[in-house]
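Encoded as structure tokens, the structure appears first; notes follow it.
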Amino acid sequence: MPEHVATPGPMAVGAIGTRASGWWAMIFMIFTEAALFGYLLFSYFYLAAQPHMPDTFPQGGSPSLRLALPNTGILLLSSAAVAWAQFGIERDRPVQLALGLGFGAVLGMLFLGIQVFEWWGQPFTLSSSSYGSLYFTVTGFHMAHVLAGVIILWALCAWSLLGLFNRVRYAHIHIGALYWHFVDAVWLAVFFTFYVTPRLS
Amino acid sequence: MSVSDYERVPEIGSAVLRPGLTDRLERMWETRPGIRGWFATVDHKRIGIRYIVTAFAFLIAGGLESLIFRLQLAGPNLRLLTPEQYDQLFTMHGMTMIFLYAGPVLTGFSNYLWPLLLGARDMALPRINALSYWIYVCAGIFLYAAFAAGFGPNDGWFNYVPYAARAYNGGPNVDFYALGMILLGISTTVGAVNFVVTFLRLRAPGMSIDRVPILAWGTLTASAANIFAIPAVSLAFFLLWLDRNAGTHFFDATTGGEALLWQHLFWMFGHPWVYAIVLPAMGMVSDGLPVFCRRPLVGYSMVALATVATMVLGFGVWVHHMFATGLPSVSLSFFSAASIIIAVPSAVGVFAWIATIWYGRPVFTTAFLFFASFIVLFTVGGVSGYMTGSLPVDWQLTDTYFIVAHIHYVLIGINVFPVAGAAYFWFPKITGRMLDERLGRWNFWTMFVGFNVGFFPMHLSGLLGMPRRVYTYADGMGWNGLNLITTLGSYVFAVGVLLLIINIVSSYRRGRPAGDNPWDSPTLEWATTSPPPPYNFAVIPTVASRHPLWEGRLGEPDTQQRSSLKAGFLLDHGRETLGTTALEAEPDLILKMPADSYTPVILAMSLTILFTGLVLHIGWLAVAGALAAAADTIAWTWPERSLGQTAGAADA
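For the protein sequence lines, the chains are P and Y, in the order given.
Residue numbering for the first sequence follows our numbering, starting at 3 and increasing by one per position.
Residue numbering for the second sequence follows our numbering, starting at 1428 and increasing by one per position.
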């Protein structure tokens, strides 16, 4: 049989939603970030399993849920806002896109502010014990990710206001949003580890 | 907004029937001349060559370090080096070879070869590719600048705590190592993501996953592993840096930390990494060796599956580096069993290569000699690894020269020898000239004899109880003769490596012209000119088998569909390549590829400034680096119409 190349029909050109190379790259970036948090939480559980003096792990008893629980809700709400923005641009609603992204970014900043306030009130420090080291390092890693996510959301919001996206060209939105949803989801793992597991024992 | 702005019926055609097509593609894809092009290029071929040359520079540096301390170890009680100098030299040697040579050299070959093997015009993420290289070279300079200032890493490449804790190692040496490794980890990670996305999205139409060259399987597997493994070592080094600089207690057992946490995190990364720096090299052998046996690889599917299986098992063996640390026996038994089982997929490869030679008609070129000798050396290194997978043997031999012999048989045997073979095999493609075969024979035999004379006796000195990581040893232990032979052998081996470099330099200028396909090889890279044009392929090839250039010669039926190399997707509306589906490689969409850009080199430099600020405790410098990195990232990701990222037609 001779060489033969089938004549294709019309094909999409450029960055198209979940077929863009950047979207695939973000998936694997998220795998490596998820692994990073996996190793962070492994470190927590590994050190938690070592023998400790009473009341040093967690230091001062299980951490309070008073701020952390509502803050978790704020972060989940921000994911919903970003999802609403994504839903909007797929239907060519640029206002909904910009609003959703902006609202998500503001909620992310609110989360950061409350987190800093909670840091302020902790009875231990980074250097007082291995528990303090873990608490500030792991939550600090997560806050750094939230900060990066907030910057991404503001950049996407600005680009949306410049009218760069429409119902075909929104790969940037989905790539940035994917990262934000990851940052929110990984908080649930951090929250469960630090705030819930000490209560289970 | 019309839909036609975002869709096009791609033209199918033949390059020979389109006068001017190759000139236009050349203008679209070529790197600008001069210093600007040098910093801005995103051409995977240029980046690949840079990776290889830089990795060879580090190979020479690491080799010279070992030649110095082999003199110190040539006889008992020598005083050529102080213990402190010895510590820095053997640490720099290990760190350089494992992190700055062995991984990057394979990345270099894969960077150069992948788009050519897969029938694409570049990697999926060309700017990420450039970023990966620039960060790698910055991290190398970062670590070597510390060494030049007398602050090189000095606790071994494994950097165990508590030796590496502030209390026992007060200088900045370990801080440089920690931050340098985190920087290098960024390079490896983004490079790995690029390989995975390229494999999944940029294979030529028709190149379903059972038609991919084994080198691509090897690098894909290594990259997938790196994506999951690199965070462990980056985190370990970051926690150590915090322990040393911010007063945390991760590894300090007196305040609730645990020194073994370091070993767990380090080896959770370290063992997968060992496979990451050999599997692509095994892939090079799996693709190169059959060419010189004049037949396809025996057991393609088994070798591809064994590659993946080795890596999966490779995540479950890290504790065999920790058998002597007093872990519970249940854990030891599990990891001992896993370490022994991993011999099975390794053996699949060995038998496939032997069978390929056995059933083939070998042509004894220098490349063949390197590839075939790799099988021998891998078997020796594999057997000593299998032995130490067993607990009682490991307890006897751990921390002796037996382990040093093992690591050198696996790393030199499975990395350096295949790389030398790959140099002979692909040098004609990269430069358009052949390496000298006569000098090649001298090169091979000097390396092979020198290596075995140098490293085999280490098994014996280890069995006789000589501990590793010591700067000297006492007379009368029965180790003197063996160490002298090891030193002599290492110098012979170094001469062999020197012959390789001489051959490369002299053949680059005066070698015999190679032509497109001097070895009569079957894969797509040999369908291009030597060296390939900037756009790789004038039309995107369509692939119908595992051996597009051997079709019609393997006894397949006449009705079999043939690959199309002359006619195919033209894709000449700017820099474009074809995106295909992940498994079947059906045409999916037309990808717009970025032009040359300064953003990668600026981001690499910004991150280096950030890390320099951190290691020197200069706050404003670190902040400046971080802000520059953030600004550069925003500029980089700014949606571009020419890349088909914004509303409006992307086509020029």
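Just so you know, even glycine gets a beta-carbon here, dropped at the ideal spot from N, CA and C.
Among residues of its own chain, excluding the 5 on either side of Val-7(P), which ones have a beta-carbon nearer than 8 Å to its beta-carbon? Numbered from its first residue, the first sequence carries residue 7(P) at position 5. Taking C-beta separations shorter than 8 Å and ignoring five residues to either side along the sequence, Val-7(P) has no partners in its chain.
Sequence-distant residues of the same chain with beta carbon closer than 7 Å to Arg-1868(Y), five excluded per side: As a working mapping, residue 1868(Y) is identified with position 441 in the second sequence. Taken in chain order, the residues that qualify are Thr-1793.
What is the rounded straight-line gap between the Cα of Arg-1980(Y) and the Cα of Pro-1949(Y)? Here residue 1980(Y) refers to the residue found at position 553 of the second sequence. Here residue 1949(Y) refers to the residue found at position 522 of the second sequence. Each residue's Cα considered, the two are about 11 Å apart.
Gln-98(P) versus Phe-30(P) - alpha carbon distance: Here residue 98(P) is taken as the residue at index 96 of the first sequence, counted from 1. Here residue 30(P) is taken as the residue at index 28 of the first sequence, counted from 1. Rounded to the nearest angstrom, the two C-alpha atoms are 29 Å apart.
Can you pull the chain P neighbours of Gly-1743(Y), defined as C-beta to C-beta under 7 Å? In the second sequence, residue 1743(Y) corresponds to position 316, counting from 1. Near Gly-1743(Y) there are no residues of chain P at all, since even the closest Cβ is about 15 Å away, more than 7 Å.
If you reduce the DSSP assignment to three classes, tell me which class Gly-2052(Y) lands in. By one-based count along the second sequence, residue 2052(Y) stands at place 625. Helix, per DSSP.
Val-97(P) in three-state terms, based on DSSP: Translated into the one-based positions of the first sequence, residue 97(P) becomes position 95. In this structure, Val-97(P) counts as helix in the three-state DSSP scheme.
Under 8 Å between beta-carbons, which chain Y residues line up against Tyr-46(P)? List them in chain order, please. Here residue 46(P) refers to the residue found at position 44 when the first sequence is read from its first residue. Residues of chain Y passing the Cβ test: none, with the nearest at roughly 10 Å.
Going residue by residue through the stretch 16-43 of chain P, where are the continuous beta strand (DSSP E) segments of at least 3 residues, counting only ones entirely within it? none
Ignore the nearest five residues each way along the sequence and tell me which others in Leu-1642(Y)'s own chain have a CB closer than 6 Å to its CB. Your numbering for residue 1642(Y) matches position 215 in the second sequence. So the qualifying residues of the chain are Gly-1710, Met-1711, Asp-1714.
Does any residue of chain Y bring its CB to less than 7 Å from the CB of Leu-38(P)? As a position in the first sequence, residue 38(P) is number 36, starting the count at 1. Yes, because at least one Cβ of chain Y sits closer than 7 Å to the Cβ of Leu-38(P).
DSSP beta-bridge partners for Ser-1991(Y)? Taking the first residue of the second sequence as position 1, residue 1991(Y) is located at position 564. Ser-1991(Y) is bridged to Thr-1969(Y).
Does the beta carbon of Leu-1444(Y) sit closer than 7 Å to a beta carbon anywhere in chain P? For the purposes of this step, residue 1444(Y) is taken as the residue at position 17 of the second sequence. No, Leu-1444(Y) lies away from the interface with chain P (no Cβ there is under 7 Å from its Cβ).
Residue-chain proximity (Pro-64(P), chain Y), Cβ-Cβ < 7 Å: Taking the first sequence and counting its residues from 1, one reaches residue 64(P) at position 62. According to the sequence as given, residue 64(P) is Ser; it is not Pro. Output row for Ser-64(P): interface = no.
Bridge-paired residues (DSSP) for Glu-2003(Y): Residue numbering aside, residue 2003(Y) sits at position 576 when the second sequence is read from its first letter. In the DSSP output, where bridge partners are listed per residue, Glu-2003(Y) has Lys-2019(Y).
Are the beta-carbon atoms of Ser-1614(Y) and Ile-1562(Y) separated by less than 7 Å? As a working mapping, residue 1614(Y) is identified with position 187 in the second sequence. As a working mapping, residue 1562(Y) is identified with position 135 in the second sequence. Contact flag set, yes.
Which chain P residues sit within Cβ distance under 9 Å of Val-1436(Y)? One-based indexing of the second sequence puts residue 1436(Y) at position 9. Chain P residues near Val-1436(Y): Thr-9, Pro-10, Gly-11, Pro-12, Met-13.
Only counting runs of 3 or more residues, tell me where the beta strand (DSSP E) segments fall wholly within the stretch 1626-1700 of chain Y, in order along the chain. none
Which class does Glu-1434(Y) belong to by DSSP, given the choice of helix, strand or coil? Indexing the second sequence from 1 puts residue 1434(Y) at position 7. Reduced to three states, the DSSP call for Glu-1434(Y) is strand.
Taking the C-alpha atoms as reference points, what is the distance between Ser-1991(Y) and Ala-1965(Y)? For the purposes of this step, residue 1991(Y) is taken as the residue at position 564 of the second sequence. For the purposes of this step, residue 1965(Y) is taken as the residue at position 538 of the second sequence. In a straight line, the C-alpha of Ser-1991(Y) is about 12 Å away from that of Ala-1965(Y).
Which word fits Pro-1984(Y), buried or exposed, when buried means at least 16 other C-beta atoms lie within 10 angstroms of its C-beta? Position 557 of the second sequence, counted from the start, is the residue given in the question as residue 1984(Y). Under this definition Pro-1984(Y) is an exposed residue.
Hey, could you find the ends of the alpha helix (DSSP H) Ser-2129(Y) is sitting in? In this structure chain Y extends from 1428 to 2079, so residue 2129(Y) is not present and cannot be described.
is_contact[Phe-184(P), chain Y] using C-beta, thresh 7 Å: By one-based count along the first sequence, residue 184(P) stands at place 182. Taking Cβ atoms only, chain Y never reaches closer than 7 Å to Phe-184(P), which makes this a no.
If I'm right that Phe-1693(Y) touches Ile-1657(Y) with Cβ under 8 Å, what's the distance once you round it to whole angstroms? What you label residue 1693(Y) is simply residue 266 of the second sequence in a count that begins at 1. What you label residue 1657(Y) is simply residue 230 of the second sequence in a count that begins at 1. That belief does not hold up - the Cβ atoms of Phe-1693(Y) and Ile-1657(Y) are roughly 12 Å apart, past 8 Å.
Look at the alpha carbon of Tyr-1433(Y) and the alpha carbon of Arg-2068(Y), and state the distance between them as a whole number of angstroms. By one-based count along the second sequence, residue 1433(Y) stands at place 6. By one-based count along the second sequence, residue 2068(Y) stands at place 641. Each residue's Cα considered, the two are about 11 Å apart.
Got a sec? Which residues, its chain only, sit under 6 Å from Met-1428(Y) by beta carbon, not counting five neighbours each side? Start at 1 with the first residue of the second sequence, and residue 1428(Y) comes out as number 1. Low confidence applies here, because Met-1428(Y) scores a pLDDT of 38, under 50, leaving its location unreliable; read the following figure in that light. There are no such residues.
Outcome for Met-1904(Y) when other beta-carbon atoms lying within 10 angstroms are tallied against a minimum of 16: Residue numbering aside, residue 1904(Y) sits at position 477 when the second sequence is read from its first letter. Counting every other CB atom within 10 Å of its CB across the protein chains shown gives Met-1904(Y) a total below 16, marking it as exposed.
Thinking C-alpha only, which one of Val-1639(Y), Ala-2031(Y), Trp-1456(Y) is nearest Thr-1969(Y)? On the second sequence, residue 1969(Y) is found 542 positions in, with the first residue counted as 1. The residue with the shortest Cα to Cα distance from Thr-1969(Y) is Val-1639(Y).
Alpha-carbon to alpha-carbon, Thr-1518(Y) and Pro-1723(Y): For the purposes of this step, residue 1723(Y) is identified with residue 296 of the second sequence, where counting begins at 1. For the purposes of this step, residue 1518(Y) is identified with residue 91 of the second sequence, where counting begins at 1. If you take the alpha carbons of Pro-1723(Y) and Thr-1518(Y), they lie about 42 Å apart.
Assigned secondary structure, Pro-1723(Y) (DSSP; H/G/I helix, E/B strand, else coil): The count along the second sequence starts at 1 and reaches residue 1723(Y) at position 296. Coil.
Using a Cβ-Cβ distance under 7 Å, would Tyr-137(P) count as near chain C? Considering every chain present, this structure includes no chain C. Its protein chains are P and Y.
Does the stretch 1645-1665 of chain Y come into contact with the stretch 2027-2045 of chain Y, if we say contact requires no fewer than three beta-carbon pairs (one atom in each stretch) closer than 8 Å? no
Does Met-1455(Y) come out as helix, strand or coil in the three-state DSSP assignment? Translated into positions along the second sequence, residue 1455(Y) becomes position 28. Helix.
Could you tell me the alpha carbon to alpha carbon distance between Ile-2029(Y) and Phe-1719(Y), rounded to whole angstroms? As a position in the second sequence, residue 2029(Y) is number 602, starting the count at 1. As a position in the second sequence, residue 1719(Y) is number 292, starting the count at 1. For Ile-2029(Y) and Phe-1719(Y), the distance between alpha carbons rounds to 44 Å.
Answer with yes or no whether the minimum CB distance from Lys-2019(Y) to chain P is below 7 Å. Along the second sequence, read from residue 1 onward, the residue named residue 2019(Y) stands at position 592. So, interface residue.
Assuming Asp-2023(Y) contacts Ala-1467(Y) (C-beta within less than 8 Å), just tell me the rounded distance between them. Position 596 of the second sequence, counted from the first residue, corresponds to residue 2023(Y). Position 40 of the second sequence, counted from the first residue, corresponds to residue 1467(Y). The pair is a contact, with the Cβ atoms about 4 Å apart (cut-off 8 Å).
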